[in-house]
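All residue numbers for the sequence shown refer to this note's numbering, where the first residue is 2 and numbers rise by one.
Worksheet: the structure to be examined is printed underneath.
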Amino acid sequence: MSNDEVLARMMSRMDMFDTKLHGMESMIADHFQSIEIMHGSLDSRMDTMQSQYQGIVDQLQTMLQLL
């Protein structure tokens with residue numbers, strides 16, 4: 002096998018590896034983006050719950066003052 006053939010095979014394998022690596026990088030990036038979206042959604046829900054909780058606390062304090 003000539004040097005050119007060996008080099009061509011190595012380049013082909015490197016291209017295949019690069020393609021697979023790029024696919025894995027894309028998959029990982031997609032998963033992280035999904036996690037970030039879920040995190041944002043959870044943050045929003047927590048903010049809503051905290052606001053509702055604060056509203057309940059305020060109402061209870063008002064009721065206690067009336068007693």
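Just so you know, even glycine gets a beta-carbon here, dropped at the ideal spot from N, CA and C.
Please read all numbers here as calculations on a predicted model, not as lab measurements.
Please report the residue range of the alpha helix (DSSP H) in which S52 lies. Translated into positions along the sequence shown, residue 52 becomes position 51. 4-67 is the span of the alpha helix (DSSP H), which, as asked, contains S52.
For S27 and T49, I'd like the C-alpha separation in whole angstroms. Residue mapping note: residue 27 aligns to position 26 of the sequence shown, counting from 1. Residue mapping note: residue 49 aligns to position 48 of the sequence shown, counting from 1. Looking at the two C-alpha atoms, the distance is approximately 33 angstroms.
Inter-residue Cα distance where the pair is M25 and S52: For this step, residue 25 is matched to residue 24 along the sequence shown. For this step, residue 52 is matched to residue 51 along the sequence shown. Going from the Cα of M25 to the Cα of S52 covers about 41 angstroms.
Expressed to the nearest angstrom, what Euclidean distance is found between the alpha-carbon atoms of I57 and L43? Residue numbering aside, residue 57 sits at position 56 when the sequence shown is read from its first letter. Residue numbering aside, residue 43 sits at position 42 when the sequence shown is read from its first letter. Computed Cα separation, rounded: 21 angstroms.
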